[in-house]
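Reading through the structure tokens given below for one structure.
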Amino acid sequence: MRVCVVRCHYLRNSRVKREIDALVLAGHEVDVVCLKEPGKPAVERGPGLTIRRVPLRHDTGAGIVRLLFEYGLFFLLATAIVAALHARRRFDVVQVNSVPDALVFVALLPKLTGARVLLDVQEPMPEFFATRFGPGRKRPLVRLIAALERWSIRFADATITVTEPMRRTFVARGASAHKLTVVMDGADERVFDPDRFPRAERDPNRFVLISHCTIEPQYGLDTAIEAVALLAEEIPGLCLRIFGTGSQRAELRALAEHLGVADHVWFSEGFVPLDQLVAELAAADVGVVAMKRDPFRDLTLAGKMFDFIALGTPMVVSITTSVEETFGDGCFEPFESGNAQDLARALRRLHDEPELAHKYAQRASEVVRPLSWPVQRQRYLDVVAALGRS
Numbered sequence: 001m002r003v004c005v006v007r008c009h010y011l012r013n014s015r016v017k018r019e020i021d022a023l024v025l026a027g028h029e030v031d032v033v034c035l036k037e038p039g040k041p042a043v044e045r046g047p048g049l050t051i052r053r054v055p056l057r058h059d060t061g062a063g064i065v066r067l068l069f070e071y072g073l074f075f076l077l078a079t080a081i082v083a084a085l086h087a088r089r090r091f092d093v094v095q096v097n098s099v100p101d102a103l104v105f106v107a108l109l110p111k112l113t114g115a116r117v118l119l120d121v122q123e124p125m126p127e128f129f130a131t132r133f134g135p136g137r138k139r140p141l142v143r144l145i146a147a148l149e150r151w152s153i154r155f156a157d158a159t160i161t162v163t164e165p166m167r168r169t170f171v172a173r174g175a176s177a178h179k180l181t182v183v184m185d186g187a188d189e190r191v192f193d194p195d196r197f198p199r200a201e202r203d204p205n206r207f208v209l210i211s212h213c214t215i216e217p218q219y220g221l222d223t224a225i226e227a228v229a230l231l232a233e234e235i236p237g238l239c240l241r242i243f244g245t246g247s248q249r250a251e252l253r254a255l256a257e258h259l260g261v262a263d264h265v266w267f268s269e270g271f272v273p274l275d276q277l278v279a280e281l282a283a284a285d286v287g288v289v290a291m292k293r294d295p296f297r298d299l300t301l302a303g304k305m306f307d308f309i310a311l312g313t314p315m316v317v318s319i320t321t322s323v324e325e326t327f328g329d330g331c332f333e334p335f336e337s338g339n340a341q342d343l344a345r346a347l348r349r350l351h352d353e354p355e356l357a358h359k360y361a362q363r364a365s366e367v368v369r370p371l372s373w374p375v376q377r378q379r380y381l382d383v384v385a386a387l388g389r390s
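Numbering of the sequence shown is given in full-length UniProt numbering, commencing with residue 1 and proceeding in unit increments.
As structure tokens, then:
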């Protein structure tokens, strides 16, 4: 089949890259339309894959007006590109990965001329905007975004999403349950391979914490730094290593300085090569997932958890609805979101009880086996194949 995949940010999204790899390995011809990325050509070709980059750049941390402008301009340019490509190549399936949900309408012309449309909704947009730009969930903009979500799912021939709470929420808002399939964000076993990156014995003179995420307020890194400050005098060799980039970096550096733990908190200079990151994740004593709990995070799930689990790295995790439903008890040490004291307690426990940390990692590996990417990849390919046959 010929498949077109549209996504604003390609390199920054591991899910869409895994989906595209799955399509190519299954023998499909894939065209990708995405935003321009630093150091990447406008057109890039590989076996079974062509990537076309729209000459626009995303402003990290942009306000709502700038964000809507960027999405709108990308929508217009992507619509023209997809229509032109479809006229030449006649796609069987056009897949659109949110955000935003309304980006799915770039597939209007292909849909009218026989192509099937697959929407991948990775984030619930009404909750995202209400959380990021203000608590007023009944604001006109949030109501409009909720309507666009409904119309987008209705327009698509099939929709996949990342958690069962999200699927239920879409159905409650009027989506047809038979059109929705959950495809979770399991770690890519070819990348997060414990045979290539084995864990070492714990060094009693060091205790390394690690977080790999976009450095933005919702990821709770301020809570992690505050917890480090509470434990710095207590735990020998305590260090928090943060990999990623984002608008909160300077603020977090200043927080570490203010709390007197600048020597205990290390930041990467932006993103690092993937193999280097995986080696760091495997070498760390504890992975920190400190998401701030809100209506958005109650529906979504941090894909980084699956990376830690694949490598056997024990975790401390802030509790949300989706985390509780997916994992249950015994997979990690939980703590209350935004509570530095409770995070410090969780870290102290894993430091003092290494056997418990090991048991958590083992239990998590057992729980996620049916959620692993090989299983989820087949679910995804089954959805694409069904669309191609319809």
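The C-beta atom is built at its ideal place from N, Cα and C for all residues, glycine as well.
Supposed close pair residue i, residue j - CB separation, criterion 8 Å
| i | j | result |
| --- | --- | --- |
| A224 | S211 | 6 Å |
| L35 | R57 | 7 Å |
| A158 | L221 | The Cβ separation is near 36 Å, so there is no contact. |
| A284 | V208 | 5 Å |
| V94 | Y380 | Actually they do not touch by this definition, with Cβ atoms about 15 Å apart. |
| E280 | R241 | 7 Å |
| F197 | V278 | 5 Å |
Cβ pair residue i, residue j closer than 8 Å
| i | j | result |
| --- | --- | --- |
| R7 | W373 | no |
| F306 | A187 | yes |
| K304 | G338 | no |
| L299 | P165 | yes |
| L118 | I160 | yes |
| F271 | R253 | no |
| F74 | V99 | no |
| P140 | F296 | no |
| S318 | F335 | yes |
| D185 | R15 | yes |
| R150 | A172 | no |
| S390 | R116 | yes |
| L112 | D31 | no |
| R348 | L238 | no |
| D101 | L25 | no |
| T131 | D294 | yes |
| L67 | I20 | no |
| I153 | F133 | no |
| R314 | L255 | Checking the displayed sequence, the identity of residue 314 turns out to be Pro instead of Arg. No, these two residues do not count as a Cβ contact at 8 Å. |
Spatial distance of residue i from residue j (CA atoms)
| i | j | result |
| --- | --- | --- |
| A344 | I215 | 20 Å |
| I51 | I309 | 31 Å |
| I64 | V142 | 12 Å |
| A22 | A302 | 21 Å |
| D120 | E325 | 21 Å |
| Y360 | F243 | 23 Å |
| A282 | V5 | 32 Å |
| P194 | V384 | 30 Å |
| residue 442 | F155 | Because the chain spans 1 through 390 in this model, residue 442 falls outside it and cannot be assessed. |
| P47 | E37 | 20 Å |
| G312 | R377 | 21 Å |
| P354 | R2 | 50 Å |
| Y219 | V288 | 10 Å |
| I145 | D263 | 44 Å |
| L108 | R363 | 46 Å |
| E44 | I81 | 15 Å |
| V316 | D342 | 10 Å |
| N13 | N97 | 10 Å |
| G260 | T321 | 34 Å |
| A346 | V368 | 22 Å |
| residue 415 | R168 | No information on residue 415 is available, as it lies outside the stretch 1 to 390 that the chain covers here. |
| A357 | G246 | 30 Å |
| F129 | V323 | 21 Å |
| E234 | G388 | 59 Å |
| G27 | R199 | 35 Å |
| G39 | H9 | 14 Å |
| A340 | P41 | 44 Å |
| E366 | D352 | 24 Å |
| E29 | G114 | 17 Å |
Bridge partners - residue i, DSSP secondary structure assignment
| i | result |
| --- | --- |
| P334 | V317 |
| C239 | V208 |
| L118 | Q95, A158 |
| T181 | I160 |
| C4 | D31, V94 |
| residue 392 | What the structure shows of the chain is the stretch from 1 to 390, and residue 392 is not part of that stretch, so it cannot be assessed. |
| V288 | V316 |
CB contact below 8 Å: residue i versus chain D
| i | result |
| --- | --- |
| R154 | Here there is only one protein chain, and chain D is not present. |
3-residue-minimum beta strand (DSSP E) runs that sit fully inside the stretch 9-97, ordered along the chain: The stretch 9-97 contains these whole beta strand (DSSP E) runs: 29-35, 43-46, 49-54, 93-97.
Runs of alpha helix (DSSP H) wholly within the stretch 251-284 (minimum 4 residues, chain order): 274-283
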